[in-house]
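These notes are about the structure you will find just below.
Residue numbers (the numbering used here): 5 to 357.
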C-alpha cells in the first residue's frame, strides 16, 4: 500500500499520524470490480478501526462505492462486506454463449441481489448511530430524461461533447443527484457541478443504489425514484467517477480518508481519457488516500486489478474469472495489514497526492 495526502493532511500525518477520531468523511469510488481489492481494508476500517472513535462519519459512494458504503452501515459490516464481494465475484447472467447479457437481464438480476441484500434491513442502515450515507446518482436532463433506443446514445453523445468543453457544460445533459441521510447535512459543498440533494429513505434506498450502479448500456436506467425529481437515473460514476469534491472547504479540522484503487482521483467517467483532469487539486488538501502500489498490482492475475474487461477475457468460463478475482482479493489483505501497521506506528510520511 502507498499513502498519499494533500498538503494539509500530509503535515498532520507527519506531526501525529492518523487516528480514527480524525476521520469525518470516507468516499468510495465507482470502478466496478476494481473495488473488490478494497474488501479487507474496508472490513478493517468499518469493523474494527473506527470503533476507536465516536464522531459521526459521512460515507459517500458512487456505483460499487455506494454498495460498499451502504454495506458498511449494516449491523455487521464485516459480514456484509464479505457477502458483497462474494456476490460480485460470482455474478452470472443468462445469455447466449459468447454474447453479452442484455441490459434488461443484468438489471433484473442485480435488482434481485439488492433486494436480498438490503430488503428488510433498510432501517438498520438509516438508523446507524454514527454513519451518514450519501448515494450519488446521475439524472438525465432533456433528451436523457427518459431512456430510449435512440435518445440514450444521442444524449450521451451530447454529454460527451459537452464534457470536452468543461465538466460544468455536461450539467446541461446530466445532473448530480445525491440521496442523503436526512439526519445531518453533507459537510461538503456541491457547487462545483449542477447538483440536487434529496432525502434518503427506506422507500428509495434500493432504487437509489440500483441507479448508482446502473452503467449506461450495461444496465437499464432507473426511472422516477420515490421522493426525487422525475427522470432517468444512471450510474453515479458518470458525474462523479472518483468523487473529486471540494473536501478542503469542509468546516473544522477533520480529515477525509479515501480507500482507493489508484492514486488519481478522476472527476467524472467521461474524464477518463482527459489526462489533464487527473491531476490533484486544492479540493484534496485534507484528503488521506490509500492505494495499492502499482508494482504490487503487477503480481496479481493478468498483472492488473479485477475489471470489467475480465468478463470478455474469460467469457463463459465463470469459474476461471472467479478464481482470479478471489486470488486478487486474498492478496489484497496486505493492504489491510499495512494500513493497520502505519496507524500503529505513530507519525506517517505520506506521499504528495
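Built from N, CA and C at the ideal position, the CB exists for glycine as well.
All values reported here derive from a predicted model rather than from experimental measurement.
Contact under 8 Å by Cβ, residue 61 with residue 8: Result no, Cβ atoms of residue 61 and residue 8 do not sit closer than 8 Å.
Residue 321 versus 103, 46 and 287, residue with shortest Cα-Cα distance: Of the listed residues, the one whose Cα sits closest to residue 321 is 103.
First through last residue of the alpha helix (DSSP H) which encompasses residue 93: Where residue 93 is concerned, the enclosing alpha helix (DSSP H) stretches over 81–93.
Beta-carbon proximity of residue 42 to residue 315, cut-off 8 Å: Not closer than 8 Å, so no.
Boundaries (first-last residue) of the beta strand (DSSP E) holding residue 179: Segment 178–184, the beta strand (DSSP E) holding residue 179.
Segment contact, 8 Å Cβ cut-off, at least three pairs: the segment 181–191 with the segment 102–121: The segment 181–191 makes no contact with the segment 102–121, as fewer than three CB pairs between them are under 8 Å.
Assigned secondary structure, residue 105 (DSSP; H/G/I helix, E/B strand, else coil): Here residue 105 sits in coil by DSSP.
The segment 80–96 contacting the segment 223–231, beta-carbon criterion three pairs below 8 Å: Too few Cβ pairs lie closer than 8 Å, so no.
Nearest-angstrom beta carbon gap, residue 333 and residue 89 [assumed within contact, 8 Å]: Yes, residue 89 and residue 333 are in contact; Cβ-Cβ is about 6 Å, under 8 Å.
Residue 296 versus 223, 241, 342 and 347, residue with shortest Cα-Cα distance: For residue 296, the nearest C-alpha among the options comes from 342.
Neighbourhood of residue 357 by C-beta distance below 7 Å, restricted to the same chain and skipping five residues each side: Spatial neighbours of residue 357 in its own chain (CB-CB distance under 7 Å, excluding positions within 5 residues in sequence) are listed in chain order as 8, 9, 10, 284, 288, 291 and 293.
Local Cβ density within 10 Å of residue 221, reported as buried at 16 or more and exposed below that: Exposed is the call here.
Residue from 350, 129, 338 and 93 with nearest C-alpha to residue 208: Per the Cα distances, 129.
Minimum C-alpha distance to residue 205 - residue among 123, 270, 170 and 219: Among 123, 270, 170 and 219, the Cα nearest to that of residue 205 belongs to 123.
Span of the beta strand (DSSP E), counted from its first residue to its last, around residue 3: Shown here, the chain extends from 5 to 357; a query on residue 3 therefore has no answer.
Where the beta strand (DSSP E) through residue 219 begins and ends: Secondary structure note for residue 219: it is in no beta strand (DSSP E), with a DSSP letter that is neither H nor E.
Residue 238 and residue 336 closer than 8 Å at C-beta: Taking 8 Å as the Cβ cut-off, residue 238 and residue 336 do not qualify as a contacting pair.
Per-residue burial, residue 246 [other beta carbons within 10 Å of its own, 16 or more giving buried]: The residue in question, residue 246, is buried, as its Cβ has 16 or more Cβ neighbours within 10 Å.
Proximal residues to residue 18 (C-beta, below 8 Å), its chain only, five neighbours per side dropped: Excluding residues within five positions, the ones whose Cβ falls inside 8 Å are 351, 352, 353 and 354.
Status (buried if at least 16 other CB within 10 Å, exposed otherwise) for residue 216: Residue environment for residue 216: buried (at least 16 other C-beta atoms within 10 angstroms of its C-beta).
Residue span of the beta strand (DSSP E) that contains residue 62, given as start and end: Element bounds for residue 62: 61–66.
Cα-Cα separation, residue 273 to residue 157: In a straight line, the C-alpha of residue 273 is about 16 Å away from that of residue 157.
Close beta carbons around residue 347, own chain, < 6 Å, minus the five adjacent residues each side: Correct list, in chain order: 22.
Runs of alpha helix (DSSP H) lying entirely within the segment 253–335, each at least 4 residues, in chain order: Whole alpha helix (DSSP H) segments, 4+ residues: 298–301, 313–318 and 322–335.
Straight-line Cα distance separating residue 26 from residue 38: Their backbone Cα atoms lie some 27 Å apart in a straight line.
Beta carbon of residue 64 nearer than 8 Å to that of residue 121: Against a cut-off of 8 Å, the Cβ pair of residue 121 and residue 64 comes out as no contact.
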